[in-house]
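Student:
In UniProt numbering, the protein residues as written are 1 to 81.
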């Protein structure tokens with residue numbers, strides 16, 4: 001199950017961010033999630049956005065904002081305020 005989840009997360013990471021995670025980072029992140037304590041703005045929820053934040057040192061909110069920004073740029077979607 002862990003290998004299957006690792007592969008699924010890496011598929012999503014490549015799709016959303018153009019990067020992948022190492023198995024070591026993934027294992028550290030799953031241990032972080034099990035501990036259940038948010039540190040440095042990284043939500044301890046087993047989700048590829050939080051894995052990206054954990055691996056890059058940014059907050060979960062920043063990682064999600066980056067994901068949306070990349071999506072809008074990729075699909076030529078203008079964000080109107």
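Every residue, glycine too, gets a C-beta built ideally from N, C-alpha and C.
Can you give the Cα-Cα distance for residue 55 and residue 76, rounded to whole angstroms?
Tutor: One C-alpha to the other measures close to 28 Å.
Student: Taking DSSP's pairing of strands, which residues face residue 39 in a bridge?
Tutor: DSSP, once it has assigned bridges, lists 42 as partnering residue 39.
Student: Is residue 30 helix, strand or coil when you go by DSSP?
Tutor: helix
Student: Are the beta-carbon atoms of residue 44 and residue 31 separated by less than 8 Å?
Tutor: no
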